[in-house]
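When the letters of the sequence shown are read in order and numbered with UniProt numbering, they come out as residues 1 to 250.
Read the structure below first, then the notes.
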Amino acid sequence: MTTTAINTIEDLVRIMDDHPEWVEAMRVRLLSREVLELPRTIATLAETVESFAASTNKRLDTIEGRLDQHDARFDAVDARFDAVDARFDAVDSRFESVENSIQKLRNEVAPIKAAHARNAAIEDALAIAGDLGLRQAKTLTREELWEISESADTSDISTGDLRSFRRADLILEAADTDGETCYVAIEVSFTANGRDTDRAIRNAEFLKRFTGKRSIAVVAGLYRDNRIDEALETGAVFWHQLDPEQLEVE
């Protein structure tokens, strides 16, 4: 039996090359079982990972399919909501049209109601004067109001205020218990409000300024805004309630 001397690593490598069957025996002797099994373990792990990846991909495909179905359903829901929105828009448009028609009708009816209320106030002229302790009341025409204002100094009065005075709803000339001439400035509305109150007070002040006579402010109407109560309580203006029957259409 020939003895082989191994003095260097090169001698060992050469002997392994000459005897490849010794390599496996050397590996078993030098490496642990876990290390020896590592290639097989890695191969098994690779198979497991591939299987898991395939399973995961399948699940992802299923999830994507379901998501596509949900997207389709959401698209259908969105389409329905769009249809509902379109219907609401159509309804809103109709309501807006109705509101515009109602507002137009109100605008057209307002002058008629105002004229009707003014006629009722003219009918009540003697009653209004009587409630104020006056008598011999007569209604002044616009021509007479024009003459009263023309004979006075109106240089500090705006054109708008002067025009409004000359177009007052109703001005009465009457006499008090002493026979002194006095005037009543009446503003008439279906529902008397602050604007009517301000105009009545202003017109009464103009009459007193133009004539030097006592002048009284009155607002008349079927209803009144409660915001004018303070002016009524202070006596700055008086209230005359129109009879609803006077405003009924025959």
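Here a beta-carbon is modelled for each residue, glycine too, at the ideal position from N, C-alpha and C.
C-beta contact flag for residue i and residue j at 9 Å
| i | j | result |
| --- | --- | --- |
| I216 | Y183 | yes |
| A231 | A121 | no |
| E187 | A168 | yes |
| F190 | H240 | no |
| residue 251 | A185 | The question about residue 251 has no answer here: the residues shown for the chain are numbered 1 through 250. |
| A152 | F210 | yes |
| I228 | N193 | yes |
| E246 | E99 | Strictly speaking, residue 246 in this sequence is Gln, with Glu absent from that position. No. Outside cutoff. |
| T181 | K213 | yes |
| S164 | R202 | yes |
Paired residues, beta bridge with residue i - DSSP
| i | result |
| --- | --- |
| I216 | V184 |
| residue 267 | Here the chain covers residues 1 to 250 and nothing more, so residue 267 does not appear. |
| T139 | L172 |
| Q240 | One detail in the question is off: residue 240 reads as His in this sequence, not Gln. DSSP, once it has assigned bridges, lists A220 as partnering H240. |
| T191 | Y223 |
Residue i versus residue j - alpha carbon distance
| i | j | result |
| --- | --- | --- |
| D131 | F238 | 10 Å |
| L60 | D71 | 16 Å |
| F206 | L134 | 20 Å |
| H76 | K104 | It should be pointed out that residue 76 corresponds to Ala in this sequence rather than to His. Going from the Cα of A76 to the Cα of K104 covers about 42 Å. |
| P20 | R40 | 22 Å |
| T139 | E96 | 44 Å |
| T197 | L222 | 15 Å |
| S55 | D82 | 40 Å |
| W146 | V91 | 52 Å |
| F88 | R94 | 10 Å |
| A53 | R73 | 30 Å |
| T234 | N226 | 14 Å |
| G160 | I112 | 23 Å |
| G179 | I102 | 50 Å |
| A79 | A43 | 53 Å |
| E47 | K58 | 16 Å |
| V84 | R66 | 27 Å |
| A86 | E64 | 32 Å |
| T62 | D18 | 58 Å |
| L242 | L170 | 14 Å |
| E24 | S51 | 32 Å |
| R10 | L45 | In the sequence as presented, Arg is not what sits at residue 10; that position holds Glu. Each residue's alpha carbon lies about 37 Å from the other. |
| R195 | E150 | 25 Å |
Rounded distance between the beta-carbons of residue j and residue i, thought under 8 Å
| i | j | result |
| --- | --- | --- |
| L172 | A129 | 6 Å |
| R166 | R142 | 6 Å |
Nonlocal neighbours in the same chain, by C-beta distance under 7 Å from residue i, ignoring five residues either side
| i | result |
| --- | --- |
| R224 | T191, A192 and W239 |
| V49 | none |
| P244 | L222 |
Own chain partners of residue i with C-beta closer than 8 Å, once the 5 adjacent residues on each side are dropped
| i | result |
| --- | --- |
| K208 | Y183, R214 and S215 |
| V218 | I128, L132, V184, A185, I186, E187, A200, V237, F238, W239 and H240 |
| L12 | I6 |
| M26 | M16 |
Same chain, Cβ closer than 6 Å to residue i, neighbours up to 5 away in sequence not counted
| i | result |
| --- | --- |
| L126 | A137 |
| Q69 | none |
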